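Trainee: Letter by letter, the sequence shown follows residues 0 to 366 of numbering that gives the first Met the number 0. Where a beta carbon is used, it is the ideal one built from N, C-alpha and C, also for glycine. For clarity, every value in this text was computed on a predicted model and none was experimentally measured. To start, I am sharing the structure in question, which I have written as structure tokens.
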Amino acid sequence: MEQHLFIYTRTKHFDYRLVYSPDNQFVPNDIRWKFVDFVREVINEDDPTNGEIIEPRWSFYKIDNYILWGIGCRNSLLGSQDSDYTGTKIRGFYGQIIKVSDFDELSLGFTIDYFKELYAEKIVPIFETKRENEVNSIDSQWQSNVLTRVSKSIHLSLNVNSNVTRILPSNINVQEIVESALSFNEVNIVCCLNNEGHARKTELCRFYNVTIIGQNEQKDIHFTQTHEKEEEQPKKGKRDRTSVKTAPKHSEARDSMFDKCFEKLIEGILRTSAKFGLSSNEIINRLANKFPNRTSNNNVEDGFNQTGKEENDDDLQPFIPMKSNREAIRDLAGKRVERKSEKEEVPTSKDDSDIRPISFGKHDDEG
């Protein structure tokens, strides 16, 4: 059994990202992406109807011999370093990716003390750093003595249908849920969501099995293939086949989200070009020179060395456009300029915040 840290959070000065993650020699990128989408949904407070994280969200995702195990929570549960430089409360997913060949050897941490120890050793020392290379997908292994042995055992009937979310009784023991999941090739579990709405509205990753705080009735929520809610129990009789569409794969959904942000970026370049009389290529070259390897937070003071990993197609930061996209930006921006006359006014946006690099999303404290 080999295990590496997998932590998605932010620090005092740097926005939400994979702070710790194994390289692609340990875990294939397609599996890493599924895990990233999963943990982002686990700690999703951006939709106010999801509510703030009240109890730690114990989370398990198994794909083949890879297991992601951890909790989504507010930092205040694990330590005193719980706010960013603006005073906004921080949340995160704290866990590990485990590669298992023999499930008889699997041991996991089922106590908050286990995660407090992890937080103290791996997050606290870098929490106030202003060097971005110290918080960018660091590959790190970590062991603790606060572990519990788990083994395959069918305690529960779990759902493995991607078009269904099963709500399990909240009074079921988390370890029993995990042990029941070990027999399946792909399955995920999230415990202690605030409400059903969170499970119904996931966009990045479908939750297969969940528990809801205070809800002890088991039931299934059925979805159409468009990732929209269909009905809790399918009705008998004919169904309108025209309403059924092919479900997008995780990679396709991610590409669609990137394309939308890509369009916003191009619009911003065109607005800047019209306002200052610069060519789109000149603006793109200036951006490329200013951000050669990564994006940075504006609050990081000058004078700090921020050298990091060499940029390439295997960059582990999932939400930063790569150098290979610059030619595409130039090409698309150039084509748009050709379709516009020099005197044509470029529409402006009321809010330029929509052209920022892709990030986890807003993380202001709703309270």
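1. Tell me, which residues are paired with Arg56 by DSSP?
2. Let me make sure I understand the geometry here. Which of Val18, Glu1, Gln2, His3 has the alpha-carbon closest to that of Arg9?
3. What's the C-alpha gap between Val163 and Phe222?
4. Report yes or no: do three or more beta-carbon pairs, one from the segment 46-55 and one from the segment 115-126, lie closer than 8 angstroms?
5. Report the rounded CA-to-CA distance for Asn187 versus Arg270, giving the unit in angstroms.
6. Just to check my reading of the structure: Val123 and Gly78 have Cβ atoms closer than 8 angstroms, yes? What is that Cβ distance to the nearest angstrom?
7. Any idea what DSSP makes of Ser106, helix, strand or coil?
8. List the DSSP bridge partners of Asp219.
9. Just tell me which of Phe34, Asp45, Phe109 has its CA closest to the CA of His197.
10. According to DSSP, is Cys190 helix, strand or coil?
11. What is the DSSP secondary structure of Ile125, reduced to helix, strand or coil?
12. With DSSP as the reference, label Val209 as helix, strand or coil.
13. Am I right that Glu57 and Cys204 are in contact with their C-beta atoms under 8 angstroms? What's the rounded C-beta distance?
14. Going by DSSP, name the residue or residues bridged to Thr8.
15. Roughly how many angstroms separate the alpha carbons of Ile153 and Tyr60, rounded to a whole number?
16. According to DSSP, is Thr85 helix, strand or coil?
17. Compare the Cα-Cα distances from Tyr15 to each of Gly108, Glu131, Gly69 and report the closest residue.
18. Since I believe Ile211 is in contact with Glu195 (beta carbons under 8 angstroms), could you give me their beta-carbon distance rounded to a whole number of angstroms?
19. Are the segment 92-101 and the segment 19-32 touching by the rule of at least three beta carbon pairs closer than 8 angstroms?
20. Residue range of the alpha helix (DSSP H) that Lys391 falls in?
21. Opposite Tyr65 in the DSSP bridges: which residues?
22. Do you know whose CA, among Leu192, Asn64, Phe13, Ile265, lies nearest Ser136's CA?
23. Thinking Lys151 and Glu178 are a contact (beta carbons under 8 angstroms), I'd like their distance in whole angstroms, please.
24. Alpha carbon to alpha carbon, how far is Phe303 from Thr128?
25. Measuring straight from C-alpha to C-alpha, what distance separates Arg73 and Ile282?
26. Does the Cβ of Arg285 have 16 or more other Cβ atoms within 10 Å, making it buried, or fewer, making it exposed?
27. Let me know the secondary structure DSSP gives Ile137 once reduced to three states.
28. Between the alpha carbons of Ser75 and Thr87, how many angstroms are there, rounded?
29. Could you round the C-beta distance between Asn208 and Arg165 to whole angstroms and report it? I think they count as a contact, below 8 angstroms.
Mentor: Judging by the given coordinates:
1. Locating residue 56 in the sequence shown gives position 57, where the first residue counts as 1. Among the bridge pairs identified by DSSP, Arg56 is matched with Gly71.
2. As a position in the sequence shown, residue 9 is number 10, starting the count at 1. With distances taken between CA atoms, Arg9 lies nearest to Val18 out of Val18, Glu1, Gln2, His3.
3. The count along the sequence shown starts at 1 and reaches residue 163 at position 164. The count along the sequence shown starts at 1 and reaches residue 222 at position 223. Their backbone Cα atoms lie some 6 angstroms apart in a straight line.
4. Counting Cβ pairs under 8 angstroms, fewer than three are found: no touch.
5. Start at 1 with the first residue of the sequence shown, and residue 187 comes out as number 188. Start at 1 with the first residue of the sequence shown, and residue 270 comes out as number 271. Roughly 44 angstroms between the two C-alpha positions.
6. Here the question's residue 123 lines up with position 124 in the sequence shown. Here the question's residue 78 lines up with position 79 in the sequence shown. Right, the Cβ-Cβ distance comes to about 6 angstroms (below 8 angstroms), so this counts as a contact.
7. Sequence index remark: in the sequence shown, residue 106 carries index 107 (1-based). Three-state result, Ser106: strand.
8. If you number the sequence shown from 1, residue 219 lands on position 220. Within the DSSP secondary-structure output, Asp219 pairs in a beta bridge with Arg165.
9. Position 198 of the sequence shown, counting from 1, holds the residue named residue 197. Of Phe34, Asp45, Phe109, the residue nearest in Cα terms is Asp45.
10. Counting from 1 along the sequence shown, the entry for residue 190 is found at position 191. Strand, per DSSP.
11. To locate residue 125, count along the sequence shown from 1; it is residue 126. In this structure, Ile125 counts as helix in the three-state DSSP scheme.
12. In the sequence shown, residue 209 corresponds to position 210, counting from 1. Val209 falls in the strand class under three-state DSSP.
13. Residue numbering aside, residue 57 sits at position 58 when the sequence shown is read from its first letter. Residue numbering aside, residue 204 sits at position 205 when the sequence shown is read from its first letter. According to the sequence displayed, residue 57 carries Trp and not Glu. The Cβ separation is near 16 angstroms, so there is no contact.
14. For this step, residue 8 is matched to residue 9 along the sequence shown. Its beta-bridge partners are Arg16.
15. For the purposes of this step, residue 153 is taken as residue 154 along the sequence shown, with counting starting at 1. For the purposes of this step, residue 60 is taken as residue 61 along the sequence shown, with counting starting at 1. Distance between the alpha carbons of Ile153 and Tyr60: 17 angstroms.
16. On the sequence shown, residue 85 is found 86 positions in, with the first residue counted as 1. Here DSSP, grouped into helix, strand and coil, assigns Thr85 to coil.
17. Here residue 15 is taken as the residue at index 16 of the sequence shown, counted from 1. Comparing Cα positions, the closest option is Glu131.
18. Counting from 1 along the sequence shown, the entry for residue 195 is found at position 196. Counting from 1 along the sequence shown, the entry for residue 211 is found at position 212. Glu195 to Ile211, Cβ: 6 angstroms. Contact.
19. Verdict: yes, contact present.
20. Lying before the first or after the last residue shown, residue 391 is absent from the chain, which here runs from 0 to 366.
21. Translated into the one-based positions of the sequence shown, residue 65 becomes position 66. The beta-bridge partner set that DSSP reports for Tyr65 consists of Ile62, Lys98.
22. Translated into positions along the sequence shown, residue 136 becomes position 137. Of the candidates Leu192, Asn64, Phe13, Ile265, Phe13 places its Cα closest to the Cα of Ser136.
23. Within the sequence shown, numbered from 1, the residue matching residue 151 stands at position 152. Within the sequence shown, numbered from 1, the residue matching residue 178 stands at position 179. Confirmed, Cβ separation roughly 7 angstroms.
24. Along the sequence shown, read from residue 1 onward, the residue named residue 303 stands at position 304. Along the sequence shown, read from residue 1 onward, the residue named residue 128 stands at position 129. With a pLDDT of only 43 at Phe303, under the threshold of 50, the placement of this residue in the model should not be trusted, and no figure is reported.
25. Within the sequence shown, numbered from 1, the residue matching residue 73 stands at position 74. Within the sequence shown, numbered from 1, the residue matching residue 282 stands at position 283. C-alpha separation (whole angstroms): 39 angstroms.
26. Along the sequence shown, one-based indexing puts residue 285 at 286. Exposed, since its Cβ has fewer than 16 Cβ neighbours within 10 Å.
27. If you number the sequence shown from 1, residue 137 lands on position 138. Taken through DSSP and simplified to helix, strand or coil, Ile137 comes out as strand.
28. Here the question's residue 75 lines up with position 76 in the sequence shown. Here the question's residue 87 lines up with position 88 in the sequence shown. So the two alpha carbons sit approximately 12 angstroms from each other.
29. In the sequence shown, residue 208 corresponds to position 209, counting from 1. In the sequence shown, residue 165 corresponds to position 166, counting from 1. Contact flag correct, Cβ pair sits at about 5 angstroms.
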